[in-house]
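What follows is a set of notes on a single structure, which appears directly below.
In the numbering used here, the protein residues as written are -1 to 291.
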């Protein structure tokens, strides 16, 4: 059996802000098993006291726009609870779906022109020496059908191209084609490593079971306590089978090097996106027939 996410992630320093917006006594303490991404690029150097995305009081002017994520300033790290164990995977695996820049009201743009589209994601990552990242993505960023690379292409071209700080101009004269691809996937993978959804639910006594139903409020509360911010849940079946978790963040600085700050309210369209019934099942994964796990 392959190791779970918790088994393979070593302890490191979190890039997530330790205080939620507004501070207070319930300060967010990030999980201990995390991964910090030290970018290989020479992206913008941003002030540590810059405004948080979606929270600026005045318009952001050039050149500061490379240090402020907009208009899609609400960032969602989205995960799947797949129906069966993937080859080389584990029973505890949640997998990565995407890193999405929603507008501040919860709606979103897609297939934007802020950064070029790419159709050879694996080749681009390997060209920049990201072989370990590709291996990690092949383990945790998995397509439900077809090659994983097709999902990666879709995620970057639909969502990554709408993140303004990934624009080539933000890299200055040092820009080389594909650096924005590296930063998008490295940043998504690093954030995913801090969010062990299985462990968070297990700690709250919520584990996969073929028949048991859990209160939706308990599942949501467990994940929000763990992450320090709001989480949107989506379900399949008759809206009673847990399938997706969306962790909601804002960013201070650029996507490449900024702090991810857990959102304290879902708000807008994200609130409407949660479609689960009041009581939900968290089903065990199926073992695919004939698979060597």
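Quick reminder that beta carbons are idealized off the backbone N, C-alpha and C, glycines included.
Quick caveat: nothing in here was measured; it's all calculated off a predicted structure.
Run of the beta strand (DSSP E) containing residue 284, from where it starts to where it stops: Counting along the chain, residue 284 falls outside any beta strand (DSSP E), and DSSP gives it neither H nor E.
Residue 77, enclosing beta strand (DSSP E) - first and last residue: First-last of the beta strand (DSSP E) with residue 77: 72 to 78.
Start-end ranges of the beta strand (DSSP E) lying completely within the stretch 222 to 285, minimum 3 residues: Runs of beta strand (DSSP E) with 3 or more residues, each lying fully within the stretch 222 to 285, are found at 229 to 234, 239 to 250, 257 to 260, 277 to 279, listed in chain order.
Cβ distance (whole Å) where residue 179 is taken to contact residue 116 below 8 Å: Yes, they are in contact, since the Cβ atoms of residue 179 and residue 116 sit about 6 Å apart, within 8 Å.
Residue range of the alpha helix (DSSP H) that includes residue 150: If you look at residue 150, you'll find it in the alpha helix (DSSP H) that goes 146 to 156.
According to DSSP, residues forming a beta bridge with residue 176: DSSP, once it has assigned bridges, lists no residue as partnering residue 176.
Straight-line Cα distance separating residue 67 from residue 189: Going by the C-alpha atoms only, they are around 17 Å apart.
C-alpha gap between residue 217 and residue 108, whole angstroms: Rounded to the nearest angstrom, the two C-alpha atoms are 30 Å apart.
Segment contact, 8 Å Cβ cut-off, at least three pairs: the stretch 144 to 151 with the stretch 71 to 90: Using a C-beta cut-off of 8 Å, the stretch 144 to 151 makes no contact with the stretch 71 to 90, since fewer than three inter-stretch Cβ pairs fall below that distance.
Neighbourhood of residue 29 by C-beta distance below 6 Å, restricted to the same chain and skipping five residues each side: Here residue 29 scores only 41 on pLDDT, less than 50, and its place in the model should not be relied on; the value that follows carries that caveat. Here the set comprises 192.
Proximity to residue 159 [Cα-Cα], best of 138, 183, 146: When each option's Cα is compared against that of residue 159, the closest is 183.
Backbone CA spacing between residue 92 and residue 129 [nearest angstrom]: In this model, residue 92 and residue 129 are separated by some 22 Å (Cα to Cα).
Close Cβ partners of residue 55 (< 7 Å) along its chain, the five nearest in sequence each way excluded: Closer than 7 Å at Cβ, skipping near neighbours: no residue.
Distance, residue 207 Cα to residue 277 Cα: Cα to Cα, the separation comes out at about 13 Å.
Residue 91 (DSSP reduced to helix, strand or coil): Residue 91 falls in the coil class under three-state DSSP.
Local conformation of residue 129 per DSSP, three classes: Correct three-state label for residue 129: helix.
Cα-Cα separation, residue 282 to residue 81: Their Cα atoms are separated by approximately 8 Å.
Backbone secondary structure at residue 99 - three-state DSSP: Residue state, collapsed to three classes: strand.
DSSP state of residue 205 mapped onto helix, strand, coil: Residue 205: coil per DSSP, three-state reduction.
For residue 82, the residue or residues it bridges with in DSSP: In the DSSP output, where bridge partners are listed per residue, residue 82 has 284.
Helix, strand or coil at residue 53 according to DSSP, with G and I counted as helix: Of the three classes helix, strand and coil, the one that applies to residue 53 here is coil, per DSSP.
The stretch 242 to 249 touching the stretch 223 to 234, judged by at least three CB pairs closer than 8 Å: Counting C-beta pairs closer than 8 Å gives three or more between the stretch 242 to 249 and the stretch 223 to 234, which meets the contact rule.
Contacting residues, own chain, Cβ-Cβ under 7 Å from residue 198 (five flanking each side not counted): Exclusion of the five residues before and after residue 198 leaves 220, 221, 224 as the residues of its chain whose Cβ lies within less than 7 Å of its Cβ.
Cβ neighbour criterion (16 or more within 10 Å) applied to residue 127: The residue in question, residue 127, is exposed, as its Cβ has fewer than 16 Cβ neighbours within 10 Å.
Secondary structure of residue 106, DSSP reduced to three states: Strand, per DSSP.
Neighbourhood of residue 63 by C-beta, 7 Å cutoff - its chain only, sequence neighbours within 5 removed: Excluding five sequence positions before and after residue 63, the CB atoms of its chain that fall closer than 7 Å to its own CB belong to 162, given in chain order.
Inter-residue Cα distance where the pair is residue 194 and residue 131: Their backbone Cα atoms lie some 18 Å apart in a straight line.
DSSP three-state assignment for residue 212, whether helix, strand or coil: When DSSP states are grouped into helix, strand and coil, residue 212 belongs to the strand group.
Residue nearest to residue 235 in terms of C-alpha spacing, selected from 279, 212, 200, 261: If you compare the alpha carbons of 279, 212, 200, 261 with that of residue 235, the shortest gap goes to 279.
Residue 84 and residue 140 closer than 9 Å at C-beta: The answer is yes: Cβ separation under 9 Å.
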